[in-house]
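Student: In this note's numbering, the protein residues as written are 131 to 327. We put the CB at the ideal spot given by N, CA and C, even for glycine. Source: prediction; values computed, not measured. Have a look at this one.
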Ligand SMILES: N[C@@H](CCC(=O)N[C@@H](CS)C(=O)NCC(=O)O)C(=O)O
């Protein structure tokens, strides 16, 4: 299994983190992001969107960190991380889509501006961050994990850009339930860190 990877990318980190948690070996292929290697062949054929991560398992080629988590959980980790019961699966899925939408356009975008000089609207990203972080903090008031009574790929998809939010100038100190939840993730057997986390 190969992962075309950028070490500082939270989306790539999701995949590295989950593989580590389920004790799966990944061949990490670092991509020269600054040189635009992901925007040129052969990577552009693997992902025409010109983005990382890109994941390959034999004949299977996947882009998008959420879809890679679904694949790895379903194929290599069984029921626990990606339940098959329709209701529970939908509970997990709604957080995967939150990671791809509200988190990507909130804390992830704020970090892209501060760390990588992306020309995105920082104030809009901060406003979106406040909204999603407040909702998640309330959601975790009486819950240990986001979707079910145990960690799932919902937690893994949402975690990276919240744990990296400080790099986008976001003060996390008031989000006490989120901080407790992040500590629970960091305490999981097989947890893997990245720069900034
Ligand atoms: N929905 C995708 C988003 C992937 C994404 O935005 N990747 C960034 C790196 S974190 C990227 O490759 N951006 C391309 C660019 O900015 O040129 C996912 O979750 O994997």
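Quick check: the Cα distance between residue 149 and residue 262, rounded to an integer number of angstroms?
Tutor: Spanning the two alpha carbons is a distance of roughly 26 Å.
Student: By Cβ distance below 8 Å, which residues in the same chain neighbour residue 271 in space, the five residues on each side in sequence not counted?
Tutor: Excluding sequence neighbours, residue 271 sits near 307.
Student: CB-CB under 7 Å to residue 138, same chain, minus the five flanking residues each way: which ones, in chain order?
Tutor: Cβ within range, chain order: 325.
Student: Can we count residue 223 as close to ligand 1, meaning its CB is less than 7 Å from some heavy atom?
Tutor: Residue 223: no, Cβ never under 7 Å from ligand 1.
Student: Any residues whose CB sits closer than 7 Å to a heavy atom of ligand 1? List them in chain order?
Tutor: Working through the chain, the matches are 136, 139, 140, 141, 142, 168, 169, 180, 181, 182, 183, 193, 194, 195, 196, 230 and 234.
Student: Which residues share a DSSP beta bridge with residue 185?
Tutor: DSSP output for residue 185 lists 133 and 192 as bridge partner(s).
Student: Report the option in 158, 164 and 309 whose CA atom is closest to the CA atom of residue 248.
Tutor: Of 158, 164 and 309, the residue nearest in Cα terms is 164.
Student: Mind checking which residues open and close the alpha helix (DSSP H) that includes residue 221?
Tutor: Note, residue 221: alpha helix (DSSP H), 216–228.
Student: Quick check: the segment 139–146 against the segment 282–298, are at least 3 beta-carbon pairs closer than 8 Å?
Tutor: The segment 282–298, when compared against the segment 139–146, does touch it at the 8 Å Cβ threshold.
Student: Compare the Cα-Cα distances from residue 304 to each of 268, 199, 315 and 289 and report the closest residue.
Tutor: Answer by Cα proximity: 268.
Student: Report, in whole angstroms, the separation of the C-beta atoms of residue 183 and residue 198, which I expect to be a contact under 8 Å.
Tutor: Indeed, because the Cβ distance is near 6 Å, the residues count as touching under 8 Å.
Student: Evaluate residue 215 with the Cβ neighbour count: other Cβ atoms within 10 Å of its Cβ, from every protein chain shown; 16 or more gives buried, anything less gives exposed.
Tutor: Result: exposed.
Student: Which residues bound the beta strand (DSSP E) around residue 172?
Tutor: From DSSP, residue 172 is part of no beta strand (DSSP E); its letter is neither H nor E.
Student: Between the beta-carbon of residue 273 and the beta-carbon of residue 210, is there less than 8 Å?
Tutor: No. Outside cutoff.
Student: State whether the segment 214–229 contacts the segment 169–176, with contact taken as three or more CB pairs (one from each stretch) at a distance under 8 Å.
Tutor: No, because fewer than three Cβ pairs between the segment 214–229 and the segment 169–176 fall closer than 8 Å, the two stretches do not touch.
Student: Between the alpha carbons of residue 244 and residue 299, how many angstroms are there, rounded?
Tutor: Whole-angstrom Cα-Cα distance: 8 Å.
Student: Compare the C-alpha of residue 180 against each of 250, 234 and 161 and name the closest.
Tutor: For residue 180, the nearest C-alpha among the options comes from 161.
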